[in-house]
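Report on the following structure.
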Amino acid sequence: MTKRDYYEILGVSKTASVDEIKKSYRKLAMKYHPDRVSEDKRKEAEEQFKEISESYAILSDQDKRSKYDQFGHAGINNQYSSEDIFRGTDFGSIFEDFGGGGGIFEELFSGFGGGGGRRRQGPRRGADLEYPLNITFEEAAVGIEKKFSIRRKETCNTCNGEGAQPGTKKATCLVCQGSGQVSQSAGFFSIARTCERCRGEGQIIETPCKTCRGGGTVPVDRKIQVKIPAGVDSGAHLRVRGEGEPGAKGGPRGDLYVTIRLKKHDLFERHNSDVYCKVPVSFVKAALGSEIEVPTIYKEKIKMKVPAGTQSGKMFRLSGKGFPDLRGYNKGDAYVVVNISVPTKINAQQKKLLLEFAKLSGEDVTQGSFTEKIKKAFK
Ligand SMILES: [Zn+2]
Ligand SMILES: [Zn+2]
C-alpha cells in the first residue's frame with residue numbers, strides 16, 4: 001500500500017509552522033476521535049486517527065520533518081521504528097481538554113509501541129513554545145547569534161510545583177473519589193472524562209501556594225541565545241531543545257521553536273537562494289557604457305561594468321553573491337536589474353544639448369508632434 005503524503009493528510013502546506021500543523025491536527029483529531037463517531041464508523045475512524053497522528057508526530061518534530069522533507073517516507077522508515085515515530089510527541093497538551101484523550105492513545109497505539117498517551121498521574125512533558133524572530137538579509141547571509149528573551153512558565157520554587165502551600169495537605173476529590181475521572185454516557189458509549197473539579201489530579205488543593213496561587217508555575221523571563229545558520233529563509237524553524245514550558249510531575253521541558261522571518265529589504269528581493277536588486281543607471285552612463293557600484297547582501301559594494309547601449313530591465317548576474325544553502329555547499333547568485341533613470345531637472349544649457357542630440361539622431365522632438373502623428377495615423 002502506498003503511503004499518503006503527511007502534509008496532504010493534515011491538509012497543510014510544506015512551509016506550515018508548528019502552530020499551523022498543531023491546529024490542523026487538533027481539528028482533524030476532533031473529527032476522527034473514535035469516541036466521537038458512531039459505532040459502525042469506529043474502525044474506519046481509528047485508522048484515520050492513526051494516520052493523522054503519525055503525520056503529526058513526524059511534522060511536529062523538526063528532525064523527523066526534515067528527514068521526511070528530504071527523503072520522503074523512505075527517510076522515516078530507514079531511521080525510525082514505529083515506536084520511535086511517536087517518541088517525544090506531545091499529544092498530552094493537545095488532548096488535555098478532550099477528556100480521556102490519553103486513554104484513547106494508549107488503546108489505539110498499543111499495537112505498535114504505545115506511543116503518545118500520557119498517564120494522568122505520571123510525569124508529563126511540557127508544552128512546546130514558538131517564538132517568531134525577525135532577521136535582516138545581511139544577517140541571514142552570514143548567519144548570526146541572536147539573543148532574545150521569552151516569557152515562559154517555571155516550576156514554582158515555593159511549592160515545588162505542587163500548588164499547595166508548604167505545610168498544608170491536599171484533600172481527596174469528592175467528585176471522582178480520587179480517581180481523577182468521571183464516567184459520562186453519550187449515546188452508545190460511556191466515556192471516561194477528566195474530572196473537572198480536580199482536573200484529573202484526584203486531589204484538591206485546599207490552601208493554594210501563595211507564590212503561584214496554586215498553579216504550580218510562575219511566569220519568568222528567560223534569556224535565549226540561538227545560532228542562526230547562514231542561508232536561513234523565512235519560515236525555517238529552529239528547535240532549541242528543553243527551552244519550552246516545564247513538564248509536570250518531573251516530566252521533561254518542552255522545546256522552543258524559533259520561527260525565522262526575513263525582514264523586507266529596501267534594495268533586495270530574495271527568490272530561494274538568489275537575490276535580485278534594481279540599480280538605477282543614468283541614461284548617459286547606459287548609452288556610453290560605464291562602471292557602476294552595486295550593493296550586495298554581504299555589506300560590500302562591487303564594481304560592475306555596464307556596456308554601452310544597455311537597456312532598462314537588462315539583468316546582470318553576479319555569480320555566488322546570493323545566499324548560501326544551509327549545508328554551506330553552494331551559494332546562490334545576485335542579479336542586478338538595470339533601471340535607466342531620466343533626469344527630472346535640466347537647465348537651459350543641458351536642454352539645448354539634448355535637442356541638438358535629438359536633431360543629430362534625426363528625432364523630431366518639437367512639442368505636439370506626437371499628437372500630430374496620431375491625428376495623421378487615424379485620418
Ligand atoms: Zn507555588
Ligand atoms: Zn476529581
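Anchor point for the sequence shown: position 4 equals 4 in the numbering used here, and the numbering is continuous, going up by one each time. Note that CB positions come from ideal geometry on N, CA and C, so glycine has one too. Owing to the predicted nature of the structure, the values given are computational and were not obtained by experimental measurement.
Between the CA atoms of S273 and S361 - distance to the nearest angstrom: Taking the straight line from one Cα to the other gives about 43 angstroms.
To the nearest angstrom, how far is the alpha carbon of E20 from that of L288? Their Cα atoms are separated by approximately 54 angstroms.
G102 to K170 span [Cα, whole Å]: Per-residue confidence for G102 stands at a pLDDT of 47, beneath the threshold of 50, marking its modelled position as unreliable; the derived number appears in the next sentence. In a straight line, the C-alpha of G102 is about 24 angstroms away from that of K170.
In terms of residue numbering, what span does the alpha helix (DSSP H) encompassing L354 cover? Where L354 is concerned, the enclosing alpha helix (DSSP H) stretches over A348 to L360.
In this structure, what does DSSP give as the bridge partners for Y257? According to DSSP, Y257 shares a beta bridge with E130 and R239.
Measuring only the C-alpha atoms, how far is P307 from F283? When rounded, the distance between both Cα atoms is 12 angstroms.
How many angstroms separate the CA atom of G99 from the CA atom of Y335? Residue placement at G99 is flagged as unreliable, the pLDDT there being 49, under the threshold of 50; a coordinate-derived value is accordingly withheld.
Output the distance between the C-alpha atoms of R58 and G75, rounded to the nearest integer angstrom. Correcting the residue identity first, residue 58 is Ile in this sequence and not Arg. Cα to Cα, the separation comes out at about 11 angstroms.
Throw me the rounded Cβ distance for the L355 and V342 pair, which I believe falls under 8 angstroms. About 15 angstroms; that fails the 8 angstroms criterion.
Straight-line Cα distance separating T155 from V218: C-alpha separation (whole angstroms): 6 angstroms.
Going by Cα to Cα distance, which pick from I340, P252 and L28 is closest to T89? The shortest C-alpha to C-alpha distance from T89 to any of I340, P252 and L28 is the one to P252.
Straight-line Cα distance separating A127 from Y257: Going from the Cα of Y257 to the Cα of A127 covers about 11 angstroms.
Touch test, the stretch 289–298 against the stretch 193–213, Cβ-Cβ under 8 angstroms, three pairs minimum: Fewer than three pairs of CB atoms, one per stretch, sit closer than 8 angstroms, so the stretch 289–298 makes no contact with the stretch 193–213.
Are the beta-carbon atoms of V232 and R197 separated by less than 7 angstroms? No, these two residues do not count as a Cβ contact at 7 angstroms.
DSSP three-state call for G100: helix, strand or coil? Note on G100: pLDDT 44, under 50, position unreliable in the model; no value is reported.
Run the Cβ filter for me: residues under 5 angstroms from any heavy atom of ligand 1, listed in the order they occur in the chain. Qualifying residues, in the order they occur: C156, T158, C159, C209, T211 and C212.
My understanding is that I228 touches G143, with C-beta atoms under 8 angstroms, so please give their C-beta distance in whole angstroms. So it is a contact: roughly 6 angstroms between Cβ atoms.
Close beta carbons around P280, own chain, < 7 angstroms, minus the five adjacent residues each side: Correct list, in chain order: N339 and S341.
How about R193: is its Cβ closer than 6 angstroms to a heavy atom in ligand 2? No, ligand 2 has no heavy atom inside 6 angstroms of this Cβ.
Express the C-alpha separation of F316 and I374 in angstroms, rounding to a whole number. In this structure, the CA atom of I374 is about 37 angstroms from the CA atom of F316.
Judging by CA-CA distance, which residue of S290, G235 and S183 is the nearest neighbour of K263? Checked all of S290, G235 and S183; the closest Cα to K263 is G235.
Status (buried if at least 16 other CB within 10 Å, exposed otherwise) for L10: L10 comes out buried.
Please tell me whether, using a cut-off of 6 angstroms, the distance from the CB of R241 to the nearest non-hydrogen atom of ligand 2 is below it. No, Cβ of R241 sits at least 6 angstroms from all heavy atoms of ligand 2.
State the beta-bridge partners of M304 as determined by DSSP. Looking at the DSSP output, M304 shares a beta bridge with I292.
If you draw a straight line from the C-alpha of F71 to the C-alpha of A248, how long is it? Answer to the nearest angstrom: the Cα atoms are 35 angstroms apart.
Exposed or buried, T344, counting other C-beta atoms within 10 Å across all chains shown (16 or more means buried)? Per the 10 Å Cβ criterion, exposed.
Regarding V142 and ligand 2, is the C-beta to nearest heavy atom distance less than 6 angstroms? Shortest gap from the CB of V142 to any heavy atom of ligand 2: 6 angstroms or more.
What do you reckon, are the CB atoms on G163 and C209 nearer than 7 angstroms? Closer than 7 angstroms, so yes.
Tell me which residue opens and which closes the alpha helix (DSSP H) that Q62 is part of. Note, Q62: alpha helix (DSSP H), Q62 to Q79.
For ligand 2, I want to know if R197 counts as a neighbour, meaning its beta carbon is within less than 6 angstroms of at least one of the ligand's heavy atoms. Because some heavy atom of ligand 2 lies under 6 angstroms away, the Cβ of R197 counts as near it: yes.
heavy atom of ligand 2 below 6 angstroms from V220 C-beta: Checking every heavy atom of ligand 2 against the Cβ of V220, none is found closer than 6 angstroms.
Report the CB separation of F323 from A29 in whole angstroms; it is logged as a contact under 8 angstroms. That belief does not hold up - the Cβ atoms of F323 and A29 are roughly 38 angstroms apart, past 8 angstroms.
Using the Cβ count rule (16 or more neighbours within 10 Å means buried), how would you classify K153? It is buried - the Cβ of K153 has at least 16 other Cβ atoms within 10 Å.
Taking just the CA atoms, how far does Y131 sit from E243? One C-alpha to the other measures close to 11 angstroms.
Inter-residue Cα distance where the pair is V18 and S290: Whole-angstrom Cα-Cα distance: 50 angstroms.
Pick helix, strand or coil for K285, following the three-state DSSP scheme. Helix at K285.
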